[in-house]
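Numbering (the numbering used here), first residue to last: 1 to 452.
Even glycine gets a Cβ: it sits at the ideal position worked out from N, Cα and C.
Treat the numbers as computed from the prediction; the structure is a model and nothing was measured.
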């Protein structure tokens with residue numbers, strides 16, 4: 001998202017400035033590549049994967065060695081497009097073959113359907129490779145916990161692909177909230193009301209010819225076998241299928257929920273409750289309404305705090321929340337504090353309103369806003385710099401693992417509507433046995449990975 005324009009005074013200009021230098025933390029325990037060059041491979045080569053590749057190889061110290069993709073058409077395309085910059089790029093259909101044959105890699109990126117993230121990331125980390133993985137970190141809660149623990153144990157550099165996390169608008173939101181500009185936070189609401197990844201349709205029947213470029217078995221990866229059906233899976237509709245994606249909540253929740261999670265210093269929730277309709281057994285639903293109860297933090301007004309989530313076309317918080325201040329965005333969050341409120345659109349500058357009597361008036365102290373602003377950082381270059389031993393990533397698995405867990409708890413709760421599910425994070429168990437069964441899934445035979 002680097003380079004998007006902001007229009008709100010000098011404060012916003014400061015936040016929009018992209019800083020491509022190394023972050024200001026130092027990691028002393030990582031051994032930098034001896035050549036000073038980072039040898040990189042990608043799992044996935046098109047669409048969002050191509051975006052991640054282009055951003056990572058824009059770092060001057062990266063050598064793009066190989067990529068794996070289940071679609072030979074995508075492989076041919078990237079090979080052609082990067083012929084001038086990466087003439088020796090090797091391509092593979094199976095990421096496992098890439099890992100077996102490419103012995104001198106330093107890091108990989110994983111930008112594939114959600115159900116592949118954990119096995120690919122773990123396979124790479126077990127070979128000592130640093131990992132950049134797209135959001136959500138994993139398809140299941142158990143996978144997220146396991147990846148985070150393994151990365152910490154092996155002292156690996158990691159980063160989840162929530163690139164807006166490193167933008168000035170999100171970083172400054174965190175600083176504004178933690179500065180206490182609107183006081184302690186009493187409640188927070190997040191929403192994504194202009195799109196969805198769901199369907200009320202039943203499980204598809206029949207089959208269609210598998211495209212000549214697609215290795216369907218490799219695409220299925222850990223998921224159970226099923227016929228290929230046009231317009232349901234490859235290349236993008238997989239997000240709405242429960243076995244492959246995590247719905248709009250898993251997709252956009254990791255973005256929009258991120259500044260709330262970070263600003264409030266949240267940990268694992270105490271409970272989660274779905275107020276929306278139950279999805280069917282194959283697709284995610286068309287809308288979601290979720291209530292989390294989190295333990296209080298130094299930034300919250302009480303011992304616990306309510307955090308609300310809404311998604312689906314037209315879905316928003318209650319009218320009284322949406323009418324607190326003018327120009328509420330279609331996607332974003334609002335923090336309700338003791339002294340005022342802060343609105344953070346997705347994606348634009350945060351706006352602070354202070355309470356004056358029964359109204360909220362926009363805060364216009366430019367000097368104070370500027371003081372509390374932060375510049376943008378390059379999310380992908382943070383990762384490369386970390387691999388080189390020059391900095392620390394801001395969305396490593398130590399942070400993005402718990403964030404993903406919190407989001408995925410909602411994906412489970414939506415299957416038990418109108419039921420408050422208490423969550424024991426230390427044991428990864430709900431107080432409802434049927435819900436606990438969904439914390440971890442079984443992989444298709446032949447796709448198990450040691451440690452998962």
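- Nearest neighbour of residue 213 by Cα position, chosen from 113, 73 and 422, turns out to be 73.
- Positions of the beta strand (DSSP E) runs, each at least 3 residues long and wholly inside the segment 172 to 241, are given as 185 to 192 in order along the chain.
- Fewer than three beta-carbon pairs drawn from the segment 81 to 91 and the segment 111 to 119 are found closer than 8 Å, and the two stretches are therefore not classed as touching.
- In the DSSP assignment, no residue is bridged to residue 37.
- Contact annotation: residue 259 and residue 344 have beta-carbon atoms nearer than 8 Å.
- The straight-line gap separating the alpha-carbon atoms of residue 407 and residue 400 is approximately 10 Å.
- In summary, residue 145 is buried, with 16 or more beta-carbon neighbours lying within 10 Å of its beta-carbon over all protein chains present.
- For residue 432, the closest of 415, 445 and 60 by C-alpha to C-alpha distance is 415.
- Residue 298 is bridged by DSSP to nothing; it lacks a bridge partner.
- Non-local beta-carbon contacts of residue 59 in its own chain, meaning distances under 6 Å to residues more than five positions away in sequence, involve 381 and 384 in chain order.
- By the CB criterion at 8 Å, residue 39 and residue 61 fall outside the cutoff.
- Fewer than three beta-carbon pairs drawn from the segment 198 to 208 and the segment 330 to 350 are found closer than 8 Å, and the two stretches are therefore not classed as touching.
- When the alpha-carbon of residue 280 is set against those of 94, 130 and 412, the nearest one is in 412.
- Here residue 179 is exposed: its Cβ has fewer than 16 other Cβ atoms, across all protein chains shown, within 10 Å.
- In its chain, beyond the 5 residues on either side, 207, 208, 210 and 216 have a beta carbon closer than 7 Å to the beta carbon of residue 228.
- Here residue 174 is near residue 262, since their CB atoms are less than 8 Å apart.
- Positions of the beta strand (DSSP E) runs, each at least 3 residues long and wholly inside the segment 240 to 325, are given as 271 to 274, 288 to 295 and 304 to 311 in order along the chain.
- Here residue 83 is exposed. Its C-beta has fewer than 16 other C-beta atoms within 10 Å.
- Following the DSSP letters along the chain, one finds residue 387 inside the alpha helix (DSSP H) bounded by residues 379 to 387.
- For residue 130, the secondary structure class from DSSP, reduced to helix, strand or coil, is strand.
- For residue 48, the enclosing alpha helix (DSSP H) begins and ends at 48 to 57.
- Taking all protein chains shown into account, residue 289 has 16 or more neighbouring C-beta atoms within 10 Å of its C-beta and is therefore buried.
- Put simply, of 422, 443 and 446 the residue whose alpha carbon is nearest the alpha carbon of residue 436 is 422.
- By the neighbour-count criterion, in which 16 or more other beta carbons inside 10 Å mark a residue as buried, residue 358 falls on the exposed side.
- Between residue 410 and residue 309 the beta-carbon gap is near 6 Å, inside 8 Å, which marks them as a contact.
- A distance below 6 Å between beta-carbons, with the five flanking residues on each side excluded, links residue 379 to the following residues of its chain, in chain order: 163 and 166.
- Setting aside the 5 residues that flank it on each side, residue 316 is surrounded in the same chain by 191, 193, 310 and 322, each with a C-beta closer than 7 Å to its C-beta; the list follows chain order.
- Residues of the same chain with a CB within less than 6 Å of the CB of residue 57, apart from the 5 flanking positions on each side, are 64 in chain order.
- In the three-state reduction of the DSSP assignment, residue 363 falls in the coil class, being assigned neither a helical nor a strand state.
- Residue 167 sits in coil when the DSSP states are folded into three classes, being neither helix nor strand.
- For residue 422, the enclosing beta strand (DSSP E) covers residues 420 to 424.
- A distance below 6 Å between beta-carbons, with the five flanking residues on each side excluded, links residue 230 to the following residues of its chain, in chain order: 208.
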